[in-house]
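Numbering (my numbering), first residue to last: 9 to 193.
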């Protein structure tokens, strides 16, 4: 159990039957009346953000989130398949639950599978990936004054905006959190 007076950013709590991560918190001491804690909570399963206020003495149970390194094996029609590299156990996750988090991840890459009490709710790809550009338009000389970009398709099928000097078959580094081009490798 954690009291509202001990809330910190990043702490995960169970509240009203849901699991929330504290994004922001603020201890407020008005001139008149009792002090309170104003928080911004993110539902880690649905992704929704809500604002709640707590009395500093209120207690909430902390939620333990398991993040396990697993190898992304392959995808078929409805599922993504992962393997635990220590025990060789395999799990299948429906594509609609995983969403777009694997659009920059190649087969056999390592990911973190997040679960709470055995229920998987998210897959975290590596922060940075290196992918080969499979298709892009040729760049034109003289168009670089404004830092122009062009769309490029990478080997996983995702589209990334890259500078004009990037060509087909170049290997590029991508930030998976934002989907932005970082550099050529």
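Even for Gly, the Cβ is constructed at its ideal location relative to N, Cα and C. Note that the structure is a prediction, hence the values are computed from the model and not measured.
Delimiting residues of the beta strand (DSSP E) encompassing residue i
i, result
"residue 143", "136-144"
"residue 38", "Per DSSP, residue 38 belongs to no beta strand (DSSP E) and is neither H nor E."
"residue 124", "118-124"
"residue 17", "Unbroken run through residue 17: none, as it is neither H nor E."
"residue 7", "Nothing about residue 7 can be read from this structure; the chain reaches only from 9 to 193."
"residue 58", "57-62"
"residue 89", "87-92"
Bounding residues of the alpha helix (DSSP H) (the contiguous stretch that carries residue i)
i, result
"residue 104", "103-106"
Straight-line gap, residue i to residue j (C-alpha atoms, nearest Å)
i, j, result
"residue 68", "residue 32", "16 angstroms"
"residue 137", "residue 123", "23 angstroms"
"residue 105", "residue 141", "27 angstroms"
"residue 55", "residue 23", "15 angstroms"
"residue 167", "residue 49", "32 angstroms"
"residue 86", "residue 19", "33 angstroms"
"residue 176", "residue 70", "49 angstroms"
"residue 76", "residue 120", "5 angstroms"
Residue from the options with nearest C-alpha to residue i
i, options, result
"residue 36", "26, 28, 47 and 27", "47"
"residue 63", "25, 42, 81 and 139", "42"
Same chain, Cβ closer than 8 angstroms to residue i, five either side skipped, listed in chain order
i, result
"residue 17", "30, 31, 32 and 33"
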